[in-house]
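Residue numbers (my numbering), protein chains in the order written: chain A, 31 to 322; chain B, 3 to 396.
Report on one structure; see the data block that follows.
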């Protein structure tokens, strides 16, 4: 088992005729993902990487049986693309695009939560179940099938964690990039629930960063609902208050959202917190030794 | 993107959010003219800088001068403007050397019955815009949030519909605002929430928000931060950007598609990805060093960007060593290695350079660096990299 995606997931790419869309469609296909088509309005009938292009997601779903989508459209059109995927009944929507206006996401979030779809992102690397299905921009070869469930708000820091767990021969069940924006479709808690119920996942690694209170809420959830061992790392201990650290969401306002507060909440929930980003793999090993 | 008070008030006026009359002035003469045009017995001269806390702020060159002052004549307005313009204002929100004042806003006075605080933000936890009002106007809201959070009243609203009438009534009831003042509050809050959504604000803050003796709600201050991601919807806002208020290196970085934030340490960092960049700063601190900057070169970094990134890092005189930390995903290590070699020819490194490469095409990348003849300190992993860079300046 794994979560969200597996070898049977049928994936389309929205924005497949664009440079990034085409490039990563190729990458995902080469990894072994069942890519079944793409969507770009006005470009139906074309082929990209041998895959059929459709004008609408509805049409793509009817013709290919797709149940997941990878979105690479420009920020101005991302909200619309996500809403179209929801409308077409796509189950797992991964919005890779960075730079979506936050008020667009207020609207999209409201629609996602009233639908049966799951939205990962925006501004995220995507989702991967090693050896089965990769949807997104992560380098596939660093992953190995295994027992660690990983979730993160950051891209390259997730790769770092994957690298460390692969080097320790732990492997990963699934890795989810939640996205670096203030409002994203899926929270840590949503993923904790799935990892807790997944047989393959034996230990969970959560990578957080400063800003907001998602990590604190996740800690509270873990305390009450997660029986599997959990490790964590929080990026941004040295970030100055009020400055935007690349991600729009990583702002500390009024003394809230600091790394220190988050680490405290996590440790109180019995989570092993890595003090250095070089020790994320070690923290996972440590968590496995401890019984929660 | 932040804008000045006088610019925010112009947007308020267009959106019918009540403000007082006022004029921006770049010289003492203009300040005097502004006072005369306002034709009142009093006016307020306010330094225009992006930082808050101006009322209690001090002018470095004229220590007796505050950032906001009541004046009673055109000559007095000119005198205050002379103290402010061209000088530096230090407030709790500026750096220690203050922010340079390039203009003042001369605004009509009014008779204040009550001072309140109001802000609209996007609440990420609730995934909705949030209107916050407090009876504690004119003071540091951070203190109120910490010491008596119950004094900050909160109402979320749907951006498609704005704040509802009953929500304003709830707020007024709790704040003891009645009669004509409550009617004025209803008008004010509805217009302001509408403006927040239509202009794609990330934050709108009014401190103080006042109720006048004739029961009108008026924005005495106005601070707006726009959502940078939505700027494509508002091309005219580009003209509102004041580059004098921004760190020059940060402007250079944003022009090259880099994300850079200057810090106070002496170890320059060049990293791909925001999360890894933050983690790199953390690990430098963890091993006893101090990062000089946050710098994310992004996923698809090219030679030109990496070269510019090195230039920006080296433009900071505090930098005594540089740590490059790249996890090649989409960006290949060979591309980065090539860029480092090119950049070193172009820029010329005068400080120790520690490079940690991992990921796609790592072996080829490391080989390129070894064979380049450059004095690069190669690191095996994150810890090794941090120890080596901290050690290089010890």
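C-beta atoms are modelled at their ideal positions from N, C-alpha and C, and glycine is treated no differently.
| query | So which of B:19, B:20, B:142, B:50 has the shortest CA-CA distance to residue 28 (chain B)? | reply | B:50
| task | Can you grab the Cα-Cα spacing for the pair residue 1 (chain A) / residue 209 (chain A), in whole Å? | result | The structure shown does not extend to residue 1 (chain A), since chain A is modelled only from 31 through 322, so no value can be given for it.
| request: Can you tell me which of A:80, A:93, A:148, A:78 puts its alpha carbon nearest to the alpha carbon of residue 112 (chain A)? | output: A:148
| Given that a residue counts as buried once 16 or more other Cβ atoms are within 10 Å of its Cβ, and exposed if not, what is residue 278 (chain A)? | Residue placement at residue 278 (chain A) is poorly supported in this model, since its pLDDT is 47, which falls under 50; the coordinates still yield a value, given next. Buried, by the Cβ-count rule.
| task | Can you say whether residue 229 (chain B) is buried or exposed, counting buried as having 16 or more other CB atoms within 10 angstroms of its CB? | result | buried
| query | From residue 252 (chain A) to residue 236 (chain A), what does the alpha carbon distance come to, in whole angstroms? | reply | 11 Å
| What residues from the stretch 104-123 of chain A come within 7 Å of chain B, judged by C-beta to C-beta, listed N to C? | 105, 106
| field | Candidates A:176, A:128, A:153, A:89, of which the one nearest residue 32 (chain A) by Cα | value | A:176
| query | DSSP on residue 267 (chain A), reduced to helix/strand/coil? | reply | coil
| query | Near residue 146 (chain B), what residues of its chain come up, given a Cβ to Cβ distance below 7 Å and the 5 sequence neighbours on each side ignored? | reply | 136, 138, 153, 154
| said: Between the alpha carbons of residue 200 (chain B) and residue 344 (chain B), how many angstroms are there, rounded? | reply: 46 Å
| said: Strictly under 8 Å for the Cβ-Cβ distance: is residue 288 (chain B) near chain A by that measure? | reply: yes
| request: Using the Cα positions of residue 37 (chain B) and residue 237 (chain B), report the straight-line distance between them to the nearest angstrom. | output: 33 Å
| message | Using only the alpha-carbon positions, how far apart do residue 249 (chain B) and residue 240 (chain A) sit? | response | 23 Å
| task | Starting from the C-beta of residue 56 (chain B), find all residues in its chain whose C-beta is less than 7 Å away, skip the five residues before and the five after it, and write them out in chain order. | result | 48, 49, 69, 70, 91, 93
| query | How long is the line joining the alpha carbons of residue 161 (chain A) and residue 176 (chain B), rounded to whole angstroms? | reply | 58 Å
| field | Close beta carbons around residue 182 (chain B), own chain, < 7 Å, minus the five adjacent residues each side | value | 217
| message | Pop quiz: residue 72 (chain B) and residue 111 (chain B) are said to be a contact at Cβ under 8 Å. What is the actual Cβ separation, rounded to whole angstroms? | response | 7 Å
| field | Cβ-based burial, residue 153 (chain A) [other Cβ within 10 Å; buried from 16] | value | buried
| request: Report the three-state DSSP secondary structure of residue 188 (chain B) (helix, strand or coil). | output: helix
| message | In this structure, how does DSSP classify residue 204 (chain B) when only helix, strand and coil are distinguished? | response | strand
| Under the rule that 16 or more other beta-carbon atoms within 10 Å means buried, what is residue 259 (chain A), buried or exposed? | buried
| Stretch pair the stretch 373-382 of chain B + the stretch 190-209 of chain A: three plus CB contacts closer than 8 Å | no
| message | With H, G and I counted as helix, E and B as strand and the rest as coil, what does DSSP make of residue 277 (chain A)? | response | A caution first: residue 277 (chain A) carries a pLDDT of 49, below 50, which makes its placement in the model too unreliable to give a value.
| Helix or strand or just coil, what does DSSP make of residue 154 (chain A)? | coil
| field | Residues, ordered as in the chain, of the stretch 241-253 of chain B that lie near chain A by beta-carbon distance below 8 Å | value | none
| task | Could you check the C-alpha separation between residue 167 (chain A) and residue 168 (chain B) for me, to the nearest Å? | result | 47 Å
| said: Against residue 237 (chain B), what residues of chain A qualify as contacts under a CB-to-CB distance less than 9 Å, listed in chain order? | reply: Residues of chain A passing the Cβ test: none, with the nearest at roughly 12 Å.
| task | Can you check the stretch 262-329 of chain B for any alpha helix (DSSP H) of at least 4 residues that lies completely inside it and give the ranges in chain order? | result | 276-288, 305-316
| message | I want to verify the contact list: residues of chain A whose CB lies under 7 Å from the CB of residue 126 (chain B), in sequence order. | response | 212, 213, 242, 279
| If you draw a straight line from the C-alpha of residue 21 (chain A) to the C-alpha of residue 18 (chain B), how long is it? | Because chain A here runs from 31 to 322, residue 21 (chain A) falls outside it and cannot be looked at.
| message | Using only CA atoms, which one of B:370, B:115, B:126 lies nearest to residue 244 (chain A)? | response | B:126
| field | Run of the beta strand (DSSP E) containing residue 218 (chain B), from where it starts to where it stops | value | Here residue 218 (chain B) belongs to no beta strand (DSSP E), and DSSP marks it neither H nor E.
| said: Quick check on residue 71 (chain B): does DSSP put it in helix, strand or coil? | reply: strand
| said: Suppose the cutoff is 6 Å on Cβ atoms and the five residues either side in sequence are ignored; what does the same chain contact list for residue 88 (chain A) look like? | reply: 118
| request: Return the CA-CA distance between residue 262 (chain B) and residue 165 (chain A), expressed in angstroms with no decimal places. | output: 29 Å
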